[in-house]
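Report on one structure; see the data block that follows.
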Amino acid sequence: MAKTEKKTKRADGAPKRKGRNYRAKQNSTSIYVLLWSVFTALSLFLVLIFGFGYQATMAQTYKSEASFEVRAKGNSIKTAIVAPAPPEFQNNISAHVRFLSQTHGVEVFIFSPSGTLLYPQDSWLPENETLNLPNRINVALDELEGEESPVVYEGKGEYVYATSISLYGENSYLYVGKSLSFIQTVAKETAVRMAFIGLFAFVLTFAVSGAVSAWLTRPLSEMAEKADLLAKGDFEVDFHGYDYGKEMIALADRLNYARDEIAKADGMQKELISNVSHDFKTPLTMIKAYASMIVEISGNNPEKRNKHAQVIIDEADRLTSLVNDVLEISKMQSGIEEMHRTQFDLSEYLHETLSRFAYLQDVAGYVFQTEIAENVYTVGDEVKLGQVIYNLIGNAVNYTGEDKQVIVKLVKRNGVARLIVRDTGAGMDKQQLKDIWARYYRSKETHKRPVQGTGLGLAIVKTVLEKHGFAFGVESKEGKGTVFFVDFPLVEDENA
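Numbering (the working numbering), first residue to last: 1031 to 1526.
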């Protein structure tokens, strides 16, 4: 029966896509356990490699020395046998051979070309196959076949030196054997010892690697615990703790930076909620109050009714503007809203925007000093760039000094049209300059702001200008005001 493919669907019926939060199946084993296992396995592997390598090297070294030794002793024994025998052995070759065997610590035999043992012929030499002598002699004959010089080879459990000699005018063969029983015994003993050493090393490395793994993973465990505290809203947590190595210190620095940014964003978000709540509450209160006045007082008086209704309309427009600001920044930063670029007269648009602030000259005594080059054309989203201009001027109005002066300039320089908006306010320090473009930032100054806002104005400015790719910036000195500037690309009037 074929398997039915299961598809997860969204509420609208479309299948869900794997987004940023999607995690492939991962190994859930603790890093501590992984490090412990790796260290233990590596240590055990090294012990085994060392043990087997030591045994193999020792065996090879002993065999090489045995080969060299049996050749040297074979040559010495050959010289002694071929030379005239000492007086005490002149009539007893077997005794001479036995003497040479005992003094050199090797087995010595002399046999005929047919494989018959010639010497020694004493009664101590067994006639059975205890020494497997016939087979050993046959192997020696095979090795000597066609060879004029002595041969040295590894036999069964021994190294053998074999060569032809002339004894009493007859052709014979000398057999000298060096047993490998010693190295075999040593190898067995070494294997047993290495087994115990390996077991001890395994237990020791198991314990040591556990301690080292715990030491290595301790900072990560500590950071994980502190990350849990941060997730619960504890912005006082410090990720510096059990640090070792510059990498862990750098990681702690970055986590502390992230903590500070999260705390800052959290504070700004709370301030935004407070600002938005206050800014929403004011028009809603006005709308409710004037609606009640229409019902209870001015319903039958057309003049008062229209005046009160106009207040309701103005406050509704203000409320709509506040909501639009919040939605605007959200849509632009999420990439939902596209830019519609057209050519327009920036000079004319700037004059029109300034006219919207003209009432402040009459009712609040604001002074707008302007220097605007005429017939300056640029290309961009006219509506969005209009928001930029309005927000920059509105920001200057809100934060200018007691003289209530706002300077607005549009000048041509280096192939661009630079918009300059200056206030005469208290200015900002370096930290404030870093924060002003943040989504929820609003200066802590408490003076009355003629232009109401949610604290999103400069965030909208930054987003729009980055979408257009325009250069922009801010300069400020404490006590000397703040200057914002934007460079618009210059184009020729297509209708000229």
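Glycine included, each C-beta is placed from N, C-alpha and C at the ideal position.
Could you tell me how far apart the beta carbons of A1426 and R1452 are, in whole angstroms, since I believe they sit closer than 8 Å? Counted from its first residue, the sequence shown places residue 1426 at position 396. Counted from its first residue, the sequence shown places residue 1452 at position 422. Indeed they touch by this definition, with Cβ atoms about 7 Å apart.
What three-state label does DSSP hand A1388 in the structure shown? Stepping through the sequence shown from its first residue, residue 1388 is reached at position 358. Of the three classes helix, strand and coil, the one that applies to A1388 here is coil, per DSSP.
On the DSSP bridge assignment, give the partners of G1201 in chain order. Position 171 of the sequence shown, counted from the start, is the residue given in the question as residue 1201. Contrary to the premise, residue 1201 reads as Asn rather than Gly in this sequence. BP columns for N1201 point to S1196.
Applying the criterion that 16 or more other CB atoms from any shown protein chain within 10 Å of the CB defines a buried residue, is E1118 buried or exposed? Along the sequence shown, one-based indexing puts residue 1118 at 88. Exposed.
Measuring only from the beta carbon, is A1501 closer than 7 Å to any heavy atom that is part of the ligand FAD? Looking for the ligand FAD in the displayed structure turns up nothing, as the structure carries no ligands at all.
Could you check what DSSP says for K1048 in three-state terms: helix, strand or coil? If you number the sequence shown from 1, residue 1048 lands on position 18. Low local confidence applies: a pLDDT of 47 at K1048 is under 50, so the model's placement there is unreliable, and no value is given.
Give me, in chain order, the residues of the same chain whose beta-carbon lies closer than 6 Å to that of K1334; leave out the 5 immediate sequence neighbours on both sides. Position 304 of the sequence shown, counted from the first residue, corresponds to residue 1334. Counting only Cβ-Cβ distances below 6 Å, and skipping sequence neighbours, we find S1328.
Could you give the DSSP three-state label for E1184: helix, strand or coil? Along the sequence shown, one-based indexing puts residue 1184 at 154. Correct three-state label for E1184: strand.
Note down the Cα distance separating V1216 from L1065, rounded to an integer number of angstroms. Looking up residue 1216 in the sequence shown gives position 186. Looking up residue 1065 in the sequence shown gives position 35. Looking at the two C-alpha atoms, the distance is approximately 37 Å.
Kindly indicate which three-state DSSP category I1343 falls into: helix, strand or coil? Counting from 1 along the sequence shown, the entry for residue 1343 is found at position 313. Reduced to three states, the DSSP call for I1343 is helix.
Contacting residues, own chain, Cβ-Cβ under 6 Å from H1126 (five flanking each side not counted): As a first step, residue 1126 must be located in the sequence shown, where it is residue number 96. Result list for H1126: A1115, F1119, in chain order.
Using C-beta distances below 8 Å, list every residue in its chain close to E1508, excluding the 5 sequence neighbours before and after it, in chain order. Against the sequence shown, residue 1508 aligns to sequence position 478. Cβ neighbours of E1508 beyond the five flanking positions: A1456, G1457, M1458, D1459.
Does the distance from the CB of H1523 to the CB of Y1407 come in under 8 Å? Within the sequence shown, numbered from 1, the residue matching residue 1523 stands at position 493. Within the sequence shown, numbered from 1, the residue matching residue 1407 stands at position 377. With the sequence shown as reference, residue 1523 is identified as Asp, and His is not the correct amino acid for it. Yes.
Under the three-state DSSP convention, the category I1303 falls into: As a working mapping, residue 1303 is identified with position 273 in the sequence shown. Three-state DSSP puts I1303 in a helix.
Less than 6 Å between C-beta atoms, sequence neighbours within five positions excluded: which residues of the same chain meet that for E1541? The structure shown does not extend to residue 1541, since the chain is modelled only from 1031 through 1526, so no value can be given for it.
Excluding sequence positions up to five away, which residues of its chain have a Cβ less than 8 Å from the Cβ of L1384? For the purposes of this step, residue 1384 is identified with residue 354 of the sequence shown, where counting begins at 1. F1398, T1400, I1423, V1438.
Alpha carbon to alpha carbon, how far is A1192 from A1170? Give it in angstroms, no decimals. Translated into positions along the sequence shown, residue 1170 becomes position 140. Translated into positions along the sequence shown, residue 1192 becomes position 162. If I take the Cα positions, the gap works out to 6 Å.
Segment contact flag, the segment 1197-1210 with the segment 1162-1180, C-beta cutoff 8 Å, min 3 pairs: yes
S1142 - DSSP class collapsed to helix/strand/coil: The count along the sequence shown starts at 1 and reaches residue 1142 at position 112. Reduced to three states, the DSSP call for S1142 is coil.
Looking at C-alpha atoms only, which residue of V1441, T1350, Q1391, L1488 is the closest neighbour of K1414? As a first step, residue 1414 must be located in the sequence shown, where it is residue number 384. The option with the nearest alpha carbon to K1414 is L1488.
Can you name, in chain order, every residue of its own chain whose Cβ lies under 8 Å from the Cβ of I1227, other than the five neighbours on each side? Along the sequence shown, read from residue 1 onward, the residue named residue 1227 stands at position 197. Here the set comprises V1077, G1081.
Is the beta carbon of T1070 less than 8 Å from the beta carbon of S1307? Position 40 of the sequence shown holds residue 1070. Position 277 of the sequence shown holds residue 1307. No; because the gap between Cβ atoms is not below 8 Å, this pair is not in contact.
Taking its Cβ as the centre, do 16 or more other Cβ atoms sit within 10 Å of D1290, making it buried, or is it exposed? Locating residue 1290 in the sequence shown gives position 260, counting from the first residue. Its Cβ having fewer than 16 others within 10 Å, D1290 is exposed.
Contacting residues, own chain, Cβ-Cβ under 8 Å from S1322 (five flanking each side not counted): For the purposes of this step, residue 1322 is identified with residue 292 of the sequence shown, where counting begins at 1. So no residue of the chain qualifies.
Secondary structure of T1493, DSSP reduced to three states: The sequence position of residue 1493 within the sequence shown is 463, counting from 1. Residue state, collapsed to three classes: helix.
Assuming Q1530 contacts T1220 (C-beta within less than 8 Å), just tell me the rounded distance between them. The first residue shown for the chain is 1031 and the last is 1526, placing residue 1530 beyond what the model contains.
Between which two residues does the alpha helix (DSSP H) containing G1499 stretch? Working through the sequence shown from its first residue, we reach residue 1499 at position 469. From DSSP, G1499 is part of no alpha helix (DSSP H); its letter is neither H nor E.
Leaving aside the five residues before and after S1211 along the sequence, list all residues of the same chain whose C-beta is less than 7 Å from its C-beta, in chain order. Along the sequence shown, one-based indexing puts residue 1211 at 181. Same-chain partners within the cutoff: G1187.
Own chain partners of F1514 with C-beta closer than 6 Å, once the 5 adjacent residues on each side are dropped: Counted from its first residue, the sequence shown places residue 1514 at position 484. Within the same chain, F1514 has close Cβ partners L1422, V1451, V1504.
With the cut-off set at 8 Å, would you say I1195 and V1138 are in Cβ contact? By one-based count along the sequence shown, residue 1195 stands at place 165. By one-based count along the sequence shown, residue 1138 stands at place 108. In this structure, V1138 does not lie closer than 8 Å to I1195 by Cβ.
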